[in-house]
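Written out below as structure tokens is the structure these notes cover.
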Amino acid sequence: MQSPLRKLRHSHGYTLQRVASEVGVDPATLSRVERREQTPSVDLAERLTKFYDGEINEIQILYPARYQLSE
Numbered sequence: 001m002q003s004p005l006r007k008l009r010h011s012h013g014y015t016l017q018r019v020a021s022e023v024g025v026d027p028a029t030l031s032r033v034e035r036r037e038q039t040p041s042v043d044l045a046e047r048l049t050k051f052y053d054g055e056i057n058e059i060q061i062l063y064p065a066r067y068q069l070s071e
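Going letter by letter, the sequence shown gives residues 1 to 71 in the UniProt record's numbering.
Given below as structure tokens:
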């Protein structure tokens, strides 16, 4: 099962490094967020929402289990 955040990144063909660089976070941190091993800060969730131009919202990023997608 993929998190909505990871699914969206893959759909755009973005690398983890590119997204992490654009939102100002370490790639390892973003990877943990995508795998639901770390809860992102509200600030990071907001930056990701802006990066993806609203295609995903902060609630989906902060509570990914509610929006889990099949691979």
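Virtual Cβ for every residue (Gly too), placed ideally from N, Cα, C.
Among the residues of its own chain, which have a CB less than 7 Å from the CB of residue i, if the five just before and after it don't count?
i	result
F51	V19, E22 and V23
V25	L44
P27	L16, Q17 and A20
In whole angstroms, what is the alpha-carbon distance linking residue i and residue j?
i	j	result
I56	L8	8 Å
Q60	R32	15 Å
D53	R47	10 Å
Below 8 Å on the Cβ atoms is my guess for residue i versus residue j; work out the distance and round it to an integer in Å.
i	j	result
R36	S3	6 Å
P64	L16	That pair is no contact at about 16 Å.
Per DSSP, what kind of secondary structure is residue i in: helix, strand or coil?
i	result
R35	coil
I59	helix
P40	coil
T15	coil
Only counting the same chain, and skipping five residues up and downstream in sequence, which positions put a Cβ closer than 8 Å to that of residue i?
i	result
T49	I56, N57, E58 and I61
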